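Novice:
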Amino acid sequence: MGKNYHVPLFETRPVKRRIVFRLFSASILVGICFICMYRVKFFPVESGRIERWAWIGLFLSELWFSFYWFLTAVFRWNPVYRFPYKDRLCQRFEKELPDIDIFVCTADPIIEPPSMVINTILSVMAYNYPSEKLSIYLLDDGGSELTFYAMLGAATFSKKWLPFCQMFTVEPRSPEAYFRTAVEPDNDPVMLQQWLSV
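Taking the numbering used here, the leading residue of the sequence shown gets 58, the next gets one more, and so forth.
Below, the structure is given as structure tokens:
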């Protein structure tokens with residue numbers, strides 16, 4: 058932890074084309090100023106009470122909109138993208154990472170097929186996170202036997218899938234998504250053997 062302590066955890070990059078938003082915001086600000094000047098300049102002094110209260114109500118609602126717009130524009134004035142370095146985060150805080158409980162909920166095996174639920178569970182189990190600090194719970198409100206037996210099958214498959222993910226840093230970590238896009242590795246015999254065993 059000593060030598061990696063001062064390495065930045067993320068990179069900050071400004072958003073391109075901020076000038077377009079700033080010009081748009083400036084035009085709205087000019088419009089708001091014109092509306093406020095109009096409301097103050099043409100206040101109905103000689104009209105009836107109802108007209109004055111309606112005018113004041115409109116003016117207060119426009120002031121509220123202006124205040125709300127100002128708050129949102131301030132936060133969007135200088136937008137940035139932050140790109141985290143996940144490996145550095147793990148290096149710096151591996152001992153201090155909190156315990157995480159992840160709940161995967163399902164209710165109906167027809168609407169939420171067990172294969173989709175199992176893919177979700179396997180991808181969560183393959184997170185790059187200390188396994189002793191990660192707890193995953195399947196909440197099956199429907200109590201489906203189909204989901205139960207799919208989970209039993211996934212337990213045996215996970216004994217091959219999780220080491221495969223860690224050994225070769227597989228992305229995406231969902232088995233269905235990985236095998237849909239993956240090509241059989243020809244150049245690495247160790248990976249080919251593991252790939253075929255999975």
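Note that beta-carbon positions come from the ideal geometry of N, C-alpha and C, so glycine has one too.
None of these values were measured; they are calculated from a predicted model.
Based on Cα-Cα distance, which residue from L154, A111 and Y194 lies nearest to C162?
Specialist: For this step, residue 162 is matched to residue 105 along the sequence shown. Among L154, A111 and Y194, the Cα nearest to that of C162 is on Y194.
Novice: Please look up how many angstroms separate the CB atoms of F236 and L196, rounded, as I've assumed it's under 8 Å.
Specialist: Taking the first residue of the sequence shown as 1, we reach residue 236 at position 179. Taking the first residue of the sequence shown as 1, we reach residue 196 at position 139. 27 Å between Cβ atoms; not a contact.
Novice: Quick check: the region 148-158 against the region 68-87, are there 3 or more CB pairs under 8 Å?
Specialist: Because the criterion of three Cβ pairs below 8 Å is not met, the region 148-158 and the region 68-87 do not touch.
Novice: What does a CB cutoff of less than 6 Å around V64 pick up in its chain, not counting 5 residues either side in sequence?
Specialist: Your numbering for residue 64 matches position 7 in the sequence shown. Excluding residues within five positions, the ones whose Cβ falls inside 6 Å are R145.
Novice: On the three-pair Cβ rule with 8 Å, is the region 167-183 touching the region 209-220?
Specialist: Touching, yes.
Novice: Of the choices S118, Y186 and R133, whose alpha-carbon is the least far from that of C222?
Specialist: Position 165 of the sequence shown, counting from 1, holds the residue named residue 222. Minimum Cα distance to C222 is reached at Y186.
Novice: How big is the Cα-Cα spacing for V137 and W126?
Specialist: Counting from one through the sequence shown, the residue named residue 137 turns up at place 80. Counting from one through the sequence shown, the residue named residue 126 turns up at place 69. Approximately 20 Å between the Cα atoms of the pair.
Novice: Leaving out five residues before and five after L203 in sequence, what residues of the same chain have Cβ atoms less than 6 Å from its Cβ?
Specialist: Position 146 of the sequence shown, counted from the first residue, corresponds to residue 203. Here the set comprises P166 and P171.
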